[in-house]
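Remarks on the structure that follows.
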Amino acid sequence: MSKSINAESILDELALNLQEHVELLEEVRKIIALNRASRNYNINLLLDAMSRLRSNRAKIMANLEFIMNIDIYPHQVDDLIALLGYYVEIAFSNERKLLLEVRKFINIDNDIEELNRTRDTASEILARTSSTTIR
Numbered sequence: 018m019s020k021s022i023n024a025e026s027i028l029d030e031l032a033l034n035l036q037e038h039v040e041l042l043e044e045v046r047k048i049i050a051l052n053r054a055s056r057n058y059n060i061n062l063l064l065d066a067m068s069r070l071r072s073n074r075a076k077i078m079a080n081l082e083f084i085m086n087i088d089i090y091p092h093q094v095d096d097l098i099a100l101l102g103y104y105v106e107i108a109f110s111n112e113r114k115l116l117l118e119v120r121k122f123i124n125i126d127n128d129i130e131e132l133n134r135t136r137d138t139a140s141e142i143l144a145r146t147s148s149t150t151i152r
């Protein structure tokens with residue numbers, strides 16, 4: 018068994034990235050609503066927001082890949098489980114629903130694939146972490 022490390026900074030970074038994720042989803046929702054209301058579609062705004070959402074998802078994935086390769090202090094496990102649980106249960110679903118709306122305007126096939134990969138990684142870490150705390 019490898020030595021546990023203090024993962025406070027990576028957990029803080031993951032929490033910030035998840036908060037940014039919520040804000041970006043809301044921004045994309047607003048852009049879609051404005052496009053529908055005005056019937057004057059501004060695809061550039063949507064493309065820009067989606068670019069930032071993709072970048073955010075990549076940051077979340079990088080956090081997850083780092084976490085996957087470490088053992089964290091036992092007192093930090095609950096924080097990790099809460100963050101991963103939120104992502105798997107809520108954030109993934111919210112983004113998936115939004116992507117189904119976005120695809121009416123732009124191609125997002127790679128987004129769905131990347132979203133699923135990110136969710137699968139979070140689920141794997143969550144399952145591994147949860148099973149190690151149940152003894």
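According to our numbering, the stretch in the sequence shown is residues 18 to 152, in order. Glycine included, every Cβ here is placed at the ideal spot set by N, Cα and C. For clarity, every value in this text was computed on a predicted model and none was experimentally measured.
Nonlocal neighbours in the same chain, by C-beta distance under 6 Å from residue 109, ignoring five residues either side: Indexing the sequence shown from 1 puts residue 109 at position 92. For residue 109, same chain residues with a beta-carbon under 6 Å away, outside a window of 5 residues either side, are 136 in chain order.
Going along the chain, which residues of its own chain have a beta-carbon closer than 8 Å to the beta-carbon of residue 13, five neighbours each way excluded? For residue 13 there is no data in the structure shown, the boundaries of the chain being 18 and 152.
Under 8 Å between the Cβ atoms of residue 81 and residue 139? Residue mapping note: residue 81 aligns to position 64 of the sequence shown, counting from 1. Residue mapping note: residue 139 aligns to position 122 of the sequence shown, counting from 1. With a cutoff of 8 Å on beta-carbon distance, residue 81 and residue 139 are scored as near each other.
Report buried or exposed for residue 24, applying the criterion of at least 16 other Cβ atoms within 10 angstroms of its Cβ. For the purposes of this step, residue 24 is taken as residue 7 along the sequence shown, with counting starting at 1. That one is buried.
Return the first residue and the last residue of the alpha helix (DSSP H) that residue 95 is part of. Walking along the sequence shown from the start, residue 95 turns up at place 78. 94-103 is the span of the alpha helix (DSSP H), which, as asked, contains residue 95.
Please return the same chain residues whose Cβ sits closer than 7 Å to the Cβ of residue 87, not counting the five positions on each side in sequence. The sequence position of residue 87 within the sequence shown is 70, counting from 1. Answer for residue 87: 22, 24, listed in chain order.
Measuring CB to CB, does residue 101 end up less than 8 Å from residue 70? On the sequence shown, position 84 is the one that residue 101 refers to. On the sequence shown, position 53 is the one that residue 70 refers to. For residue 101 and residue 70, no; Cβs fall outside 8 Å.
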